[in-house]
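Using my numbering, the letters of the sequence shown map in sequence onto residues 2 to 145.
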Amino acid sequence: MGMKPFLVFVWAAVIIVATCNNDAHAFLFDRIVGFSFNTSPNLADLLIINDIDFSDSFYTIQKTGHFLSFALLYVLLFSWLKKHLPAVVIAVGFAVLTEILQLYFERDGRLFDAFIDTLGIFLAFVLINIVISFKRDAAEDTSY
């Protein structure tokens with residue numbers, strides 16, 4: 002396995018550990034990893050939106066982590082695959098999967114969080130296209 006797929010799988014593993022850890026605060030600030038498994042979560046919890054609270058600093062830190070984690074995942078996927086569509090599909094699919102997984106690990110899985118993840122993916126997509134465009138323009142300028 003080359004370095005690029007290795008980095009994708011390592012980063013995905015980091016996201017999975019963070020996703021499945023039963024206490025996000027302890028994981029982020031105390032570096033404590035713990036897992037609790039719920040065999041029958043309420044999947045309707047994915048639709049809850051009344052707990053969105055950007056005035057809570059920890060909530061904002063978590064959502065920023067979502068955004069940046071999935072932006073980086075997309076960059077790593079695109080770097081490996083060299084194609085936008087498969088990288089987007091895999092990254093967004095993984096975002097939704099992690100939200101579903103959270104429900105099984107005593108966490109609050111929310112589709113709103115998958116939306117935040119997708120915004121990070123979209124930003125990375127746009128930035129990569131800007132870089133590609135600049136490189137293409139620079140190559141055309143030097144060919145004259």
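Each residue gets a CB set at the ideal place from its N, CA and C atoms; glycine is no exception.
Boundaries of the alpha helix (DSSP H) around residue 130: 112 to 143. Per DSSP, the continuous alpha helix (DSSP H) segment holding residue 61 begins and ends at 58 to 82. Taking 8 Å as the cut-off, the beta carbon of residue 88 is found no closer than this to the beta carbon of residue 119. In the structure shown, residue 17 falls within a helical segment according to DSSP collapsed to helix, strand and coil. Between the alpha carbons of residue 50 and residue 7 lies a distance of about 35 Å. The beta carbon of residue 12 lies closer than 6 Å to those of 74 and 77 in the same chain, with the five residues before and after it left out.
Here DSSP, grouped into helix, strand and coil, assigns residue 31 to helix. Taking the C-beta atoms as reference points, residue 53 is found no nearer than 8 Å to residue 123.
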